[in-house]
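Enquirer:
Protein chains in written order, with the UniProt record's numbering: chain A, 1 to 325; chain B, 1 to 310; chain C, 1 to 285.
(1) What does residue 219 of chain C touch in chain B if you count any residue whose Cβ is under 7 Å from its own?
(2) Identify whether residue 203 of chain A lies in helix, strand or coil by the three-state DSSP scheme.
(3) Here's a check: name, in chain order, each residue in its chain whose Cβ is nearer than 7 Å to the Cβ of residue 209 of chain C, leaving out the five neighbours to either side.
(4) First and last residue of the alpha helix (DSSP H) that includes residue 243 of chain C?
(5) What number of angstroms, rounded off, separates the C-alpha of residue 325 of chain A from the C-alpha of residue 245 of chain A?
(6) Could you check whether residue 63 of chain A and residue 54 of chain A sit closer than 8 Å to each other, using their CB atoms as the reference points?
(7) Please report whether the beta-carbon of residue 288 of chain B lies at a distance below 8 Å from any beta-carbon of chain C.
(8) Starting from the Cα of residue 174 of chain A, find the closest Cα among A:117, A:195, A:223 and A:144 and give me that residue.
(9) Using a Cβ-Cβ cut-off of less than 8 Å, list which residues of the segment 189-206 of chain C approach chain A; keep chain order.
(10) Taking the straight line between their C-alpha atoms, what separation do you get for residue 259 of chain C and residue 82 of chain C?
(11) Residue 222 of chain C CB to nearest chain A CB: under 8 Å?
(12) Output needed for residue 115 of chain A: all residues of its chain with C-beta closer than 6 Å, excluding positions within five of it in sequence on either side, in chain order.
(13) Buried or exposed: which applies to residue 252 of chain B, given that a residue is buried once 16 or more other Cβ atoms fall within 10 Å of its Cβ?
(14) Taking DSSP as the reference, what is the three-state secondary structure of residue 252 of chain A?
(15) Any beta-carbon of chain C closer than 8 Å to the one on residue 104 of chain A?
(16) I'd like to know whether the C-beta of residue 284 of chain B is nearer than 8 Å to at least one C-beta of chain C.
(17) To the nearest angstrom, report how far apart residue 308 of chain A and residue 294 of chain A are at their CA atoms.
(18) Let me know the alpha helix (DSSP H) ranges lying completely inside the segment 41-110 of chain A, each 4 residues or longer, listed in chain order.
(19) In or out: residue 251 of chain C buried (at least 16 other Cβ within 10 Å) or exposed?
(20) Note down, in chain order, every chain C residue with its Cβ under 8 Å from the Cβ of residue 154 of chain B.
(21) For residue 179 of chain A, which residues from the same chain have a beta carbon less than 6 Å from its beta carbon, with the 5 sequence-adjacent residues on both sides left out?
(22) Rounding to the nearest angstrom, what Cα-Cα distance links residue 223 of chain B and residue 132 of chain B in this structure?
(23) For residue 159 of chain B, is the classification buried or exposed, using 16 other Cβ atoms within 10 angstroms of its Cβ as the cut-off for buried?
(24) Which residue comes first and which comes last in the beta strand (DSSP E) that contains residue 24 of chain A?
(25) Please confirm whether residue 118 of chain C and residue 153 of chain C have their CB atoms less than 8 Å apart.
(26) Less than 8 Å between the beta carbons of residue 108 of chain C and residue 269 of chain C, yes or no?
(27) Grab the span of the alpha helix (DSSP H) containing residue 181 of chain C for me, first residue to last.
(28) Could you name the residues that DSSP lists as bridge partners for residue 304 of chain A?
(29) Can you pull the DSSP bridge partners for residue 264 of chain C?
(30) Exposed or buried, which one is residue 199 of chain A when buried takes at least 16 other CB atoms within 10 Å?
(31) Residue 129 of chain A by DSSP, collapsed to three states: which one?
(32) Measure the CB-CB distance between residue 172 of chain B and residue 99 of chain B and report whether it falls below 8 Å.
(33) Less than 8 Å between the beta carbons of residue 97 of chain A and residue 182 of chain A, yes or no?
(34) Residues of chain C with CB under 8 Å from residue 151 of chain B, in chain order?
(35) Entirely within the segment 191-248 of chain B and at least 4 residues each: give me those alpha helix (DSSP H) ranges in chain order.
(36) Kindly give me the distance between the Cβ atoms of residue 101 of chain B and residue 245 of chain B, rounded to whole angstroms, as I take these residues to be in contact under 8 Å.
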């Protein structure tokens, strides 16, 4: 199968100009490679500020890359004209973390759900009735009461708003969906409902999904494969079970430790040392790593296979047997 | 810290230079100055000799260079009318304008600030509503209408004060009152708003909860914090005061810079218009710079934030 | 708090606001249809009735508001002046709003050097006394209706530019503009259909602040004799014309002066009310 999305060696950094002296440069994404197959869900996890949202925007061409290529549905994003890019957006959608912010406060949500059909005339929903029928269909798909379509965003609950945003994203039948923390702003009970809905949509639509989250429990429920990001780099990648059950990278283990355990008497391990500055050389996780050795400060770890599709970027990744323990 | 002040000063100087340049070229948009300054029936020879005499036959850039190098040495050209140095106009008229402006400005603060404070402290009461209604009225009353109303009442009807001129202290009262009353409305509104904002802050509630007497809370905690925006506003209102000056001086035939500007415009007296525009721009830019510097002294946070942005 | 709001509601619209609205409606009607019904022409002279006092001061109904030094009917002149002054203030406010809003949007949309240039212009205008600019410009250009109107429009554009830039940046920050961009909407659609309706409230509040100031600027410049030129007239020019005769004919100054005052006051009062309402609305969200 051809992947819906392929990214090769993506780099992106942000600069802040200073009048005197060099600009501040903050690298956000550093050399990321990834692929998403149709019907597959790739989870991207990492702490806040690790560059996962930036990566999401790069994958959709909402932010230009410094270097590297993104190929989506056979189109290399940097090469498209603005008009072609806008046209392609019917097939690739983004769902934001904050559904209230993503909706125009002054228009009924029903109109906003149907708006992509007006933006993308080439899809052929020319008549009012065709658009209404399609709107009915997506409302059903996201299990949203059609009565709510006449309401304004602030009159809906958080879960309803997220359903609206999903409906708007789905109305053009996209083949790629990037979900940026779609449930983290919701109450836990509502989270479960939306996750259930997303699972159903994933199975039914056959679209490729990129699911960005800091929450490993949520990712585990939806993702087929997981990529762990630390400071703009993918440090571990593989099937969800392999990465989350037998993590090879110390950072993944730290993240997993941060998930509160329900086992009584089991202490929650938190970050040991937080260090702000980027190391000049070597592994960028080294300053925080409990297992860091001398080599970690000088040598740069490359993402490489550690058995099957599971790969890790750590010079001294422990063997599988050590973790299984 | 010195960096902040230096940057602000540099910026003010650049703004002034740009403004002066802008006005120089604006005033020369119409190339046929001779025709305007003489009259429509002037002969071509008269216009040519006029242009040669005043240097208008040179290229614009040459004129600009001559003017700006002259201005830096205090030579702002000569009046078409009486061939005196244009700078003399300023020297003659400046004291009168300063006299009126300072008296008006003082009156503005003396009326506006206490009125605003009283309205804020008595927020929601009849006192507040009365003061705010008066302020709304004052804000909407053009200074020339107020000036003429005062003139009619005190000079024509009651015959207590002279109507126009500037020879005695009595002459100053009506123009200064016009100036001060019109300006104080805006000050009162702003002071009230700034004060109400501060009074709503948690530290005021904390001070009150600690049992401090209400007057002490207002004087020691609220007023100093409300002072910063009010001082800023006073500084920035200098721009409007320039407008007041022109109009009030015209109403009361007060021989200041504003009146000079209007008559120079009517006479198409280019060098005089030019120098007066420079003086007014310097006033306002200087006042804004003063506010910036005061701000830096009063509120150290501004200084450091300004430094980070360059 | 609850009691306070209910009491206010029970009291209804304050009488001052009703009067303000009433005056504005009257003035608008006068401006629209008044000149057709004016008893005399603007410059029609009646030498037999020079300095005729208004009815209130013992005059006759032939000239209800009195006449000036050459016997022109003040009532007729006033109606025409109101029309010109209102027209100038309205159009001037609109021009400033359009110029400022467009430049503010351009600044917020393109960012970078375009934004820097526009904001430098904004700062430049804010750093200069506008009336001096207006006087200098009116000294150079032929003082016609359109030049004058343009100068009135330029006054205040910088405040719309600042406001609209901030609001658009806010809208982009809110996310809905960004979300529409990610759906493939054309920027024109995003600005016209989504951002504009959302910022319209704040911009119209700014217009209610700007409108009285434009009236004051127009009448002020006309009073100085460098605004509207005869044979046209404006409220400021009427005051200026009447000023030399303040000793014998105060009505020549009083009526146009009162008309300016009441109009600016009415718009300010209604504008304050609109702003309070807008504040309440945003606070509820």
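Virtual Cβ for every residue (Gly too), placed ideally from N, Cα, C.
Expert: Taking the structure as given:
(1) 142
(2) Looking at residue 203 of chain A - three-state DSSP - the assignment turns out to be helix.
(3) 271
(4) In the DSSP annotation of this structure, residue 243 of chain C is not part of any alpha helix (DSSP H), being labelled neither H nor E.
(5) Caution applies to residue 325 of chain A, whose pLDDT of 45 falls short of 50 and renders its modelled position unreliable; the value that the coordinates give is listed next. Their Cα atoms are separated by approximately 11 Å.
(6) Yes.
(7) Yes, residue 288 of chain B lies at the interface with chain C (some Cβ there is under 8 Å from its Cβ).
(8) A:117
(9) Going along the segment 189-206 of chain C in chain order, one finds 189, 194, 197 and 198 with a Cβ nearer than 8 Å to chain A.
(10) 8 Å
(11) no
(12) none
(13) buried
(14) helix
(15) yes
(16) yes
(17) 29 Å
(18) 52-59 and 82-88
(19) buried
(20) What residue 154 of chain B touches in chain C: nothing, since even the nearest Cβ is about 12 Å away.
(21) 95 and 211
(22) 19 Å
(23) exposed
(24) From DSSP, the beta strand (DSSP E) with residue 24 of chain A extends over 24-36.
(25) no
(26) no
(27) 176-182
(28) A:312
(29) Answer is none; residue 264 of chain C lacks a bridge partner.
(30) exposed
(31) helix
(32) yes
(33) yes
(34) 246
(35) 202-209 and 223-236
(36) 6 Å
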